[in-house]
Amino acid sequence: MSVEIIPAENKVPFFKIDRPLAREVLHLASPVVLGMASITAIGLTDTIMVGRLGAEALAATGQASIIFWAIHWVTRSIEVAAQALIARRYGEQQFHLCGKILDNAMTVSLSVSLLGMALLYFGGRTLMSWTSTHENVVDLASSYIQILCLALWASSLLFAMRGFFSGIGKTRIFLITALIMLVVNVICNYAFIFGKLGMPEMGVPGAALGSAISFIVALIYMVLYVLGISGRNFRKEFSVFRFDFDLTTVKEVIVLGAPNAFRGIWVIGGLGVFYAMVDRLNVIQVAIVNVVLNIQSVSFMPGYGFGVAAATLIGQSLGAKDPQRAERAGYEAAKLGMIFMGTLGIVFFVAPEWVVRLFTDDAEVIRSAIFPLRLAGIVQIADAAGMVFSTALEGAGNTRWVMKAEIFVNWGVFLPLTYFLTFVLELHQYGPWIAWSTYITLFGLLCIWKFREGKWKEIKL
């Protein structure tokens with residue numbers, strides 16, 4: 001792999017707006033952002049509804065979600081690989097290969113998800129006992145994860161197909177499937193958590209069942225969409241669902257996706273350790289972590305959306321042999337992400353109590369969540385940089401560097417700092433959030449540096 005160092009005069013001025021490219025970024029990002037808003041709304045409605053069951057229920061769903069998404073991130077890494085490869089082939093106008101990549105990516109995704117389902121179903125309670133010392137929390141979390149994991153196969157295939165549509169620049173499907181999931185999830189949650197609409201009252205497991213059903217319904221729609229329900233037959237146009245198994249393509253998907261998978265395992269594993277350290281304080285602090293991270297997921301939406309747009313445009317531009325356009329796309333996406341997330345950061349900082357009250361009516365949780373939410377507001381711009389540029393680098397094929405960088409910051413800085421501030425300096429509930437903010441800021445700065453370095457433009461896929 002050859003490397004080109006970009007001359008200083010070719011660097012893109014960060015504060016200069018490229019209006020045509022910015023519009024293209026917005027066109028790609030907007031459906032993803034709105035789709036992520038719907039996905040986030042699913043998590044928020046889960047939190048709001050489960051929050052009415054008490055702090056232990058909140059803590060249980062939060063900790064179970066960490067374990068579930070650790071496994072889910074492994075399958076989601078296939079989406080990252082599929083998007084990067086398909087965007088390159090699309091830029092090269094080799095459209096028939098786009099479907100071939102998707103078919104093989106789905107094969108890998110399904111295989112991995114079935115292993116993940118077995119692990120979570122049979123080992124869920126053991127995994128939950130590692131993250132909590134509270135027996136009631138472990139019981140609730142185990143019942144939650146054993147139901148939710150049964151839909152892992154559906155969510156994994158859904159994400160692989162999403163990588164295909166991202167790669168060809170048709171991101172509107174994000175919004176459609178996310179809205180379907182939101183509607184189904186809200187109705188099912190209401191029915192199964194509280195025993196409404198003739199359904200049994202299940203409590204915490206009902207939230208898991210609602211999410212599982214929403215994944216399956218969304219996948220069914222996605223398959224119909226590929227087959228032409230929208231009026232465009234993607235199966236014929238891109239040779240999708242031909243199921244032409246090709247070992248070389250499978251290897252490409254695995255090699256490109258594996259670093260993202262390892263990144264997910266280590267990073268979410270680190271978050272599990274973070275939960276375990278917070279759990280040593282008290283269950284209220286664990287509930288606060290769940291609430292604050294769900295609130296931060298609101299700002300995650302634009303960051304992820306602009307990251308997907310950057311990855312798509314970068315992959316297509318590199319496939320079309322236009323690295324300078326690829327670089328400009330990355331910067332435009334980052335600028336827009338910082339504007340949107342920075343605005344939300346102001347809301348978090350100025351009105352934290354009002355925001356927290358949307359999620360819980362527990363007075364102690366509300367009071368204690370104000371400090372971490374204000375810190376989250378301060379670091380939103382750095383968080384935007386980390387999210388957009390890391391996704392952009394992965395879209396260019398540099399998944400290995402992103403993996404190394406985040407694992408280093410997570411395990412080398414964040415977790416030791418959490419322990420030191422919380423238990424050595426005895427900052428107690430303040431320590432974890434100071435460490436969390438340091439983590440976000442440092443990762444963002446590293447991603448800015450790596451993107452500006454420019455070596456990613458010479459990666460061959």
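FYI, the numbering used here numbers position 287 of the sequence shown as 287, with every residue one higher than the one before it.
Yeah, the Cβ is synthetic: ideal placement off N, Cα and C, and Gly gets one too.
Counted as a single uninterrupted DSSP element, the alpha helix (DSSP H) harbouring LYS450 occupies residues 431-453. A residue is called buried once 16 or more other Cβ atoms fall within 10 Å of its Cβ, and GLU394 is buried on that count. Exclusion of the five residues before and after GLU201 leaves PHE194 and GLY195 as the residues of its chain whose Cβ lies within less than 7 Å of its Cβ. Under the three-state reduction of DSSP output, VAL379 falls in the coil class, being neither helix nor strand.
With respect to the 8 Å criterion, PRO352 and ILE288 are not classified as neighbours on the basis of their beta carbons. Of the residues THR391, LEU293, TRP354 and LEU119, the one whose Cα lies closest to the Cα of ALA310 is THR391. Check the Cα spacing between VAL74 and each of ALA320, THR248, ILE459 and VAL267: the tightest is with VAL267. If you draw a straight line from the Cα of LEU148 to the Cα of GLU332, it comes to about 37 Å. Between MET49 and ARG357, the alpha-carbon positions lie close to 13 Å from each other. Boundaries cannot be given for GLU201, as no alpha helix (DSSP H) includes it and DSSP labels it neither H nor E. Per the coordinates, the alpha-carbon of THR40 lies some 6 Å from the alpha-carbon of VAL298. THR61 is the residue among VAL355, LEU21, VAL33 and THR61 whose C-alpha sits nearest the C-alpha of VAL286. Judged by DSSP in its simplified three-state form, GLY54 adopts coil rather than helix or strand.
The criterion of a C-beta distance shorter than 8 Å is not satisfied by GLN324 and TYR90. In the three-state reduction of the DSSP assignment, VAL240 falls in the coil class. Of the residues ILE407, GLN296 and THR312, the one whose Cα lies closest to the Cα of PHE359 is GLN296. Going by DSSP, ASP361 is part of no alpha helix (DSSP H) at all; its letter is neither H nor E. In this structure, DSSP gives ASP139 a helical state, which the three-state scheme calls helix.
When rounded, the separation of the alpha-carbon atoms in ASN282 and GLY124 is 22 Å. SER166 and ALA405 have their C-alpha atoms roughly 25 Å apart. Sixteen is the threshold: since fewer than 16 other Cβ atoms of the shown chains lie within 10 Å of the Cβ of ARG367, the residue is exposed. ASN185 counts as buried, since at least 16 other C-beta atoms from the protein chains shown sit within 10 angstroms of its C-beta. Contact between the stretch 112-131 and the stretch 336-348 is absent, with fewer than three C-beta pairs closer than 8 Å.
Of the residues assessed, PHE243 falls on the exposed side of the cut-off, its CB having fewer than 16 other CB atoms within 10 angstroms.
In the three-state DSSP reduction, PHE262 falls in the helix class (H, G or I). Three or more beta-carbon pairs drawn from the stretch 206-224 and the stretch 152-160 are found closer than 8 Å, and the two stretches are therefore classed as touching.
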